[in-house]
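Per this note's numbering: the sequence shown ends with 121, consecutive numbering throughout. In this text, a Cβ means the ideal position worked out from N, Cα and C, and glycines have one as well.
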Amino acid sequence: MALKIRLARGGSKKRPHYAIVVADSRMPRDGRFIEKVGTYNPLLAKDDERRVNMDVERIQHWVAQGAQTTDRVSRFLEAAGVVEKKERNNPKKAVPGKAAAERAEAKASKAAAASEATAE
2 MALKIRLARG GSKKRPHYAI VVADSRMPRD GRFIEKVGTY NPLLAKDDER
52 RVNMDVERIQ HWVAQGAQTT DRVSRFLEAA GVVEKKERNN PKKAVPGKAA
102 AERAEAKASK AAAASEATAE
């Protein structure tokens, strides 16, 4: 059985509240889970201690049993100092989109034409 430590959404429309659960990876996001190991409330301030509550001992137990954490849960664990921070690589993050690239190209050609006109 492939185990995941992930978020299960609760709360009403526009008012999310998440449970950090250990679940079989084949189960639905908000479906059956094995154990609830914490909560996450994104509506609270980032520096609020109640924003993320985790039972770190149980999470470490499940990770030792072979459970994989999702990206968001691993970030919570990194912030808590439980696991070391992973190197993340997103080379396309800094690349501008189509429209921005076209604007930059147009601005560069306009500036080049202006400098040629002043040089003549």
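- In the structure shown, D56 adopts coil according to DSSP, grouped into three states.
- Per DSSP, the beta bridge partners of S13 are R16.
- By alpha-carbon distance to A24, the top candidate from E106, K14, H18, G39 is G39.
- Annotation: the continuous alpha helix (DSSP H) that includes V74 extends over 72–81.
- Classified as buried, A68 has 16 or more neighbouring CB atoms from the shown chains inside 10 Å of its CB.
- Ranked by how close their Cα comes to the Cα of A81, the residues V96, A95, K108, R51 have R51 in first place.
- For E36, the enclosing beta strand (DSSP E) stretches over residues 36–41.
- Per DSSP, the unbroken alpha helix (DSSP H) holding A102 starts and ends at 99–120.
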